[in-house]
Amino acid sequence: MPVLVDDMQDSVAKAYNAMPDRLFVVKSDGTIGYRGDRGPRGFDVDAMARALGEIVASDKGAAGKKASASKAPKGD
Amino acid sequence: MRIPAPASCVLICLALLGTSSLALPAFGEDERPNDEGPRAEKEADKKAEKPASRMWKRLKDMDANGDGKVSRDEFRGPDRFWQRLDGDGDGIVTRAEADKAGQGMRGRGGGRGQPGDQRQGRGGMRGGGARGLSFEKLDLDKDGKVSQREWAAFLEKHDENKDTILQKEEWDAAVGGRPMKDDAPKVGAKAPKVSAKMIDLPLQIDLSKPKRTTVLIFGSWT
């Protein structure tokens, strides 16, 4: 699991208002897919996992539709 | 902490400086966790009279030896947090102690303990109770007594609409503290354009342009 380190100005933590701990899911289109509450009490791994499952399933569905559309024969 | 990770996404841990290193177990993208423990515990929770408290849910992942208790060696958190949890000071936190501590932190009243106990840090725990109210705050002249005048001053200060009546919302704001403003990006919004450095490689990662669905785990434990 890649580990990143924030800078001394806490730029990422401030942008995400993430202190002291928090969970987010960023989708492949660059938008926020899940925003957890601030921890420690709001740090809910189960809720994040459920949201992540839905996002991944949705991505797979969209990818499947795209693949089907590209394979469909083009009409004259 | 076990985080189920579909192969199509990336987990990124962000270690927040200022309170030293991140303490999360490594978890590969293609690993599947052994769900027997958490699933069994969830089943037990369903059967239990009370659902697992949030506090215990947070702590149980630290129970490395699976004995149902968290020892001081297993605990990964600040000392002041441990002291709140280990009610009997025996170096072990049981589920009962975690539940009790969690309730205590939600409903900690004002006027008890030292004045500094009611301070609220960034991202601090919210909850009901008289957390923002203390005897010392009411005792304006510090004579060890709260007079009628001092009560009136308190009421006037928190009567926000100046109708000479303290509504329940005004009381809640006065004694419980206002919820902290949350500027975090909302669901559906574009991810902030920020980047962070990898801890073990000289690479700067732009977190606003993920190639795959990415989980950001922000954490800081002293």
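If you're matching them up, the sequences are chains A and B in order.
Take 6 as the starting number for the first sequence in my numbering and just add one per residue.
Take 779 as the starting number for the second sequence in my numbering and just add one per residue.
Backbone N, C-alpha and C define an ideal beta-carbon position, used for all residues, glycine too.
1. If you check the beta carbons only, do Phe29 of chain A and Arg43 of chain A fall under 8 Å apart?
2. Classify Trp834 of chain B: buried if its beta carbon has 16 or more other beta carbons within 10 angstroms, exposed otherwise.
3. Does DSSP put Ser849 of chain B in a helix, in a strand, or in coil?
4. Please report whether the beta-carbon of Ala52 of chain A lies at a distance below 8 Å from any beta-carbon of chain B.
5. Taking Cβ to Cβ, would you say Thr992 of chain B is nearer than 8 Å to Val31 of chain A?
6. Is there contact here, the segment 966-976 of chain B with the segment 8-22 of chain A, by at least three beta-carbon pairs under 8 Å?
7. For Glu938 of chain B, which residues of its own chain have a beta-carbon under 8 Å away from its beta-carbon, when the five flanking residues on both sides are left out?
8. Arg55 of chain A by DSSP, collapsed to three states: which one?
9. Pull out every residue of the segment 22-34 of chain A whose Cβ sits closer than 7 Å to any Cβ of chain B, in chain order.
10. Please check if any C-beta of chain B sits within less than 8 Å of the C-beta of Ala20 of chain A.
11. Please report the distance separating the alpha-carbon of Gly880 of chain B from that of Ser831 of chain B.
12. Taking the alpha-carbon positions, what's the Lys847 of chain B to Leu789 of chain B distance?
13. Roughly how many whole angstroms lie between the Cα atoms of Ala844 of chain B and Leu837 of chain B?
14. If I follow the unbroken beta strand (DSSP E) through Ser1004 of chain B, where does it start and stop?
15. Identify every residue that forms a DSSP beta bridge with Ile983 of chain B.
16. Would you kindly check if the distance between the Cβ of Asp11 of chain A and the Cβ of Leu792 of chain B is under 8 Å?
17. I think Leu933 of chain B touches Leu944 of chain B, with their Cβ atoms under 8 Å apart; what is that distance to the nearest whole Å?
18. Can you tell me whether DSSP reads Phe48 of chain A as helix, strand or coil?
According to the data block:
1. Indexing the first sequence from 1 puts residue 29 of chain A at position 24. Indexing the first sequence from 1 puts residue 43 of chain A at position 38. It is not a contact, given that the beta carbons lie outside the stated cut-off.
2. For the purposes of this step, residue 834 of chain B is taken as the residue at position 56 of the second sequence. It counts as buried.
3. Counting from 1 along the second sequence, the entry for residue 849 of chain B is found at position 71. If DSSP states are grouped into helix, strand and coil, Ser849 of chain B belongs with the strands.
4. The residue labelled residue 52 of chain A in the question sits at position 47 within the first sequence. No, Ala52 of chain A lies away from the interface with chain B (no Cβ there is under 8 Å from its Cβ).
5. As a first step, residue 992 of chain B is located in the second sequence; it is residue number 214 there, counting from the start. As a first step, residue 31 of chain A is located in the first sequence; it is residue number 26 there, counting from the start. Contact flag set, yes.
6. yes
7. Here residue 938 of chain B is taken as the residue at index 160 of the second sequence, counted from 1. The residues are Glu948 and Ala951.
8. As a first step, residue 55 of chain A must be located in the first sequence, where it is residue number 50. Three-state DSSP puts Arg55 of chain A in a helix.
9. Asn22, Ala23, Met24, Pro25, Asp26, Arg27, Leu28, Phe29, Val30, Val31, Lys32 and Ser33
10. Residue numbering aside, residue 20 of chain A sits at position 15 when the first sequence is read from its first letter. Yes, because at least one Cβ of chain B sits closer than 8 Å to the Cβ of Ala20 of chain A.
11. Against the second sequence, residue 880 of chain B aligns to sequence position 102. Against the second sequence, residue 831 of chain B aligns to sequence position 53. If you take the alpha carbons of Gly880 of chain B and Ser831 of chain B, they lie about 8 Å apart.
12. Position 69 of the second sequence, counted from the first residue, corresponds to residue 847 of chain B. Position 11 of the second sequence, counted from the first residue, corresponds to residue 789 of chain B. If I take the Cα positions, the gap works out to 28 Å.
13. Within the second sequence, residue 844 of chain B is the residue found at index 66, counting from 1. Within the second sequence, residue 837 of chain B is the residue found at index 59, counting from 1. It should be pointed out that residue 844 of chain B corresponds to Gly in this sequence rather than to Ala. One C-alpha to the other measures close to 12 Å.
14. Residue 1004 of chain B cannot be examined here, being either before or after the span of chain B that is shown, 779 to 1000.
15. For the purposes of this step, residue 983 of chain B is taken as the residue at position 205 of the second sequence. According to DSSP, Ile983 of chain B bridges with B:Ala974.
16. Residue numbering aside, residue 792 of chain B sits at position 14 when the second sequence is read from its first letter. Residue numbering aside, residue 11 of chain A sits at position 6 when the first sequence is read from its first letter. Going by C-beta atoms, Leu792 of chain B is nearer than 8 Å to Asp11 of chain A.
17. Locating residue 933 of chain B in the second sequence gives position 155, where the first residue counts as 1. Locating residue 944 of chain B in the second sequence gives position 166, where the first residue counts as 1. Their Cβ separation, rounded to whole angstroms, is 6 Å, which keeps Leu933 of chain B and Leu944 of chain B in contact under 8 Å.
18. As a first step, residue 48 of chain A must be located in the first sequence, where it is residue number 43. In this structure, Phe48 of chain A counts as coil in the three-state DSSP scheme.
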